[in-house]
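One structure is given here, and the rest of the page talks about it.
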Amino acid sequence: MNKLRTISQDNAFRLLCLLAAGIAGVLMLGFMVQLAVDSSAAWREFGLGFIFSSEWDPWSNRYGALPSIVGTLITTVIALVVALPLAFAAALFLTDAPPWLSQIIGNAIDLLAAIPSVIYGMWGLFVLAPIMQDYVQPFLIDDLGLGRIPFVGEYYMGFGLFTAGLILALMILPYMAAIMRDVFAMTPQVLREAAYGIGCTRWETAKDIVLKYGIRGLLGGVFIGLGRALGETMAVLFVVGNIMDMPQTLSDGGTTIASTLANNFSEADGLQRSALMALGIILFAMSFLIQIISHYYLSATKSKRGEAK
Amino acid sequence: MANKISARNINFYYGSHQALFDNNLDIAEHAITAVIGPSGCGKSTHLRIYNRIYELYRDQRVTGSLFIDGVDVLNEKVDVLELRRKVGMIFQKPTPFPMSVFDNVAYPLRLHYRLSRSEIADKVEEALRGASLWEEVKDKLKSSGLALSGGQQQRLCIARAIAASPEVLLMDEPTSAIDPVATLKIEELMVELKKRFTIVIVTHNMQQAARISDFTAFFYKGRIVEFGDTEKIFTNPDEKQTEEYITGRFG
Ligand SMILES: Nc1ncnc2c1ncn2[C@@H]1O[C@H](COP(=O)(O)OP(=O)(O)OP(=O)(O)O)[C@@H](O)[C@H]1O
Ligand SMILES: [Mg+2]
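Same order as they appear, the protein sequences are chains A and B. Last residue of the first sequence? That's 309 in this note's numbering, and every number before it is there in order. Last residue of the second sequence? That's 560 in this note's numbering, and every number before it is there in order.
In structure tokens:
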């Protein structure tokens, strides 16, 4: 009789898995090496000063990364600060709403996530930026008096870092909401009832029990959103202003690493090309750092969150 | 003995499905009342009215009155958060919150009272002692509540339930997921707790009901068939159905 199953088949399967994992690792390493080699000229020329210089002058061939880094950080932070509470609230609503309603809104959110980023960019340029200029910024800056706060800025152009951050928030919102909704659904119903049972409100149950229970998944959702915001190019390109100077306020035009790359790559050569590669490495490192911080945070707060060790 | 809770003409509906029919029941203060009956007869449903936990679900509905200390708590005007502080609930499966042992017990305190750190620490210790858990966890208050054994977790939930000084404890099969030794511990604990609280327990374990309860209600198909002193129910019940159920000859 022929054997149906053998251990060697299983070994073959394991080999296949190993191979797949290996390819991912090799690709990653390949990217790193390539970026390192191509950017070496810039690092040799400018050293670590590259990171702290805000010059970007192709005529005299001086390049610095600071405006791009700062722009990336500012837009990402704005995006997170705006999107996080909205996504949390949307996900909460979806878990609590009647099934038919949450179905409809859930589908709408999934659809939002499927819109190509260039559409967000165009919408930002033609719709959001004028609205920002005509209504939102005047309201925030003059009527609410936020303009007096340092770094907010006292003029309104419509485009700029703040608008770019809002577009990013809109883009990552559906991702984060969808992931958070799934995480909320994972919390055992009896745990929720236990929370209500000791007199928690809906909000307390959400923030103290459901959130803590699903923190891993939630952080996963946040980091996917963060990663998208960090690396997003097209949507930002349209509204950020693409100004290579150091931004002084949130209302200023600026640039991000990704949009600097997209803007300059086609005509760059020599040292400029190398400087762009160096920017690429910095972006890479930023995403990496975020991963490491999140892992560190999760393991450092393990017992506090009550995960069994 | 005074009645702590009086259920009057309680009917309960899951959507269009009626699960309880004209339940009338008096729960004596500082006593253990056992609720028994075959699976699906409405024991949990009945219990879940006492702290209005059923309200979390849109399609669940109750009619009738439930008096606690003379106040109809089914009235919309009653503060449900305060009701749930007064009426604690223990579930079949232990439900420790995803936080440390200490925080599990401190959490309801912080929710309902404004207390200093040292007051909270004192009350947490008191509640853990009250749940006969202190000696076992006093060295690992900071570790996860989920890292305890099943029986310890259940006592942690009891400690959490009694921390905010409730008056009634509802227990829905609190020992059915727990080994016999841990079960005995919890039974002893309940007898101790009834000095301070009014306890209603749902159980499938006839010996348990006979051992610890003062009164017993027998539910069948959503109706309360018989209610009285535990001793009478288990030795000389009035109804044939009750007798058949407790002797295990249930058809
Ligand atoms: N969420 C629900 N939706 C619809 N019907 C339900 C729901 N929960 C319970 N029921 C029905 O209500 C009736 C009573 O259920 P209940 O859970 O109160 O029984 P029980 O006596 O606690 O049973 P068990 O001993 O198995 O826990 C059953 O017929 C059950 O099918
Ligand atoms: Mg039940």
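Backbone N, C-alpha and C define an ideal beta-carbon position, used for all residues, glycine too.
Interface criterion met: the Cβ of LEU191/A is under 7 Å from a Cβ in chain B.
Residue environment for VAL380/B: exposed (fewer than 16 other C-beta atoms within 10 angstroms of its C-beta). The three-state secondary structure of GLN248/A, taken from DSSP, is coil. HIS326/B is bridged by DSSP to TYR323/B. Leaving aside the five residues that flank ASN318/B on each side, the residues in its chain whose CB is nearer than 6 Å to its CB run, in chain order, ASP331, GLY373.
Under the three-state reduction of DSSP, SER117/A is assigned to helix. For a Cβ distance threshold of 7 Å, nothing in chain A lies close to GLY324/B: the least Cβ distance comes to about 13 Å. Under DSSP, ALA316/B shares a beta bridge with LEU334/B, LEU375/B. When DSSP states are grouped into helix, strand and coil, MET286/A belongs to the helix group. Secondary structure note for PHE527/B: its beta strand (DSSP E) is the uninterrupted segment 524 to 529.
Straight-line measurement puts the Cα of PRO174/A at about 7 Å from the Cα of ASP110/A. Within the same chain, ILE141, GLU154 come within 6 Å of GLY147/A by CB-CB distance, once the 5 residues on both sides are set aside. One Cα belongs to LEU502/B, the other to ILE495/B, and the distance between them is close to 10 Å. Residues whose Cβ lies closer than 7 Å to any heavy atom of ligand 2, listed in chain order: LYS352/B, SER353/B, ASP481/B, GLU482/B, VAL511/B.
Within chain A, not a single residue places a beta-carbon under 9 Å from that of MET499/B; the smallest gap is close to 18 Å. In terms of side-chain proximity, the C-beta atom of GLY373/B is found no nearer than 6 Å to any non-hydrogen atom of ligand 1.
At least one heavy atom of ligand 1 lies less than 6 Å from the C-beta of SER348/B.
In this structure, the CA atom of TRP100/A is about 46 Å from the CA atom of ARG558/B. The beta carbon of SER294/A sits closer than 6 Å to the beta carbons of LEU219, PHE223 from its chain, once the five residues preceding and following it are set aside; these are given in chain order. Shown here for ILE341/B: same chain residues with a beta carbon closer than 7 Å to its own, the five before and five after excluded, namely MET499, LYS503, ILE508, ILE510, ILE521, SER522, ASP523 in chain order. The Cβ atoms of PHE184/A and ALA91/A lie closer than 7 Å to each other. Counting of Cβ neighbours within 10 angstroms places HIS326/B among the exposed residues, the total staying below 16. The continuous alpha helix (DSSP H) containing GLY71/A extends over residues 66 to 96. Proximity of the stretch 455 to 467 of chain B to the stretch 383 to 394 of chain B falls short of the contact definition, fewer than three beta-carbon pairs being nearer than 8 Å. Per the DSSP secondary-structure output, ILE341/B pairs in a beta bridge with ILE508/B. Residues are counted here when their Cβ sits less than 8 Å from a Cβ of chain A; for the stretch 344 to 367 of chain B these are ASN360, ILE362, LEU365, ARG367, given in chain order.
Under the three-state reduction of DSSP, PHE536/B is assigned to strand.
Within chain A, the C-beta atoms nearer than 9 Å to that of HIS421/B come from ILE198, GLY199, in chain order. A distance below 6 Å between beta-carbons, with the five flanking residues on each side excluded, links ILE377/B to the following residues of its chain, in chain order: ILE314. Within chain B, the residues placing a beta-carbon under 8 Å from that of ALA194/A are MET398, PHE400, THR404, PHE406, CYS466, ordered along the chain. For LEU390/B, at least one C-beta of chain A is nearer than 7 Å to its own C-beta.
Burial state of LYS395/B is buried, judged by a 10 Å Cβ sphere holding 16 or more other Cβ atoms. DSSP assignment within the stretch 356 to 431 of chain B yields the following whole alpha helix (DSSP H) runs of 4 residues or more, N-terminal first: 389 to 395, 410 to 421. Contacts between ARG394/B and chain A, judged by CB atoms closer than 8 Å, involve ILE198, GLY199 in chain order.
Listed along chain B, the residues sitting closer than 7 Å to TYR213/A by beta-carbon distance are PRO407. Using a CB distance below 7 Å, no part of the stretch 508 to 531 of chain B faces chain A.
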